[in-house]
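Colleague: Numbering (the working numbering), first residue to last: 541 to 718. C-beta: ideal position from N, C-alpha, C; glycine also. All of these numbers come straight from a predicted model, not from anything done at the bench.
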Ligand SMILES: [Fe+2]
Ligand SMILES: [Fe+2]
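1) What residues in its chain sit with their C-beta under 6 Å from that of residue 687, if we drop five residues either side in the sequence?
2) Considering only residues of the same chain and omitting the five flanking positions on each side of residue 668, which have a CB-CB separation below 7 Å?
3) Short check: CB of residue 700 to CB of residue 632, under 8 Å?
4) Can you round the beta-carbon distance between residue 664 and residue 550 to whole angstroms, since I take them to be within the 8 Å contact cut?
5) Starting from residue 706, trace the alpha helix (DSSP H) in both directions and tell me its first and last residue.
6) In angstroms, rounded to a whole number, what distance separates the CA positions of residue 710 and residue 676?
7) Could you spell out the range, first to last residue, of the alpha helix (DSSP H) harbouring residue 583?
8) Quick check: what's the CA-CA separation for residue 713 versus residue 547?
9) Identify whether residue 627 lies in helix, strand or coil by the three-state DSSP scheme.
10) Any heavy atom of ligand 1 closer than 7 Å to the beta-carbon of residue 710?
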């Protein structure tokens, strides 16, 4: 019976579960970025607040891209339950340290998924997640450059105000030749 049910989808149970985990991770990232946006707004960092709100939308889009793929493949995309969102952050800088850590761990999760897809010979999903791996190059790059602003500009005096002004201007043009 179980085998018959799997005729509805080419996704193995393992890959479907991994995709659903990733859906949850993207939803969590989206929620954390939103909490960061609120913290920055409350602490007078308006540009960062807007930048983080945009990041939150992007993570939501990532989640939906995965969500639709699972259902389009005949699987069961699960609307994730998200809990334990940090609402308070120690410092302005710590917001961006956490953001970078979050992106690095998302990259690792996609790498593990690529490895599992390869081993399971699920080349459709393997190909599907290439977009996300490429996206992570940009996400990590921007998160690192943003964090570097704290050292380059310095936090003394009007430093944090300057950093806040520069954050939305950080862009990745690594594939600008395309
Ligand atoms: Fe993402
Ligand atoms: Fe991200």
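Modeller: Once the coordinates are examined:
1) 636 and 640
2) 609
3) yes
4) 7 Å
5) 699-706
6) 15 Å
7) Neither: residue 583 is in no alpha helix (DSSP H) and is coded neither H nor E.
8) 43 Å
9) coil
10) no
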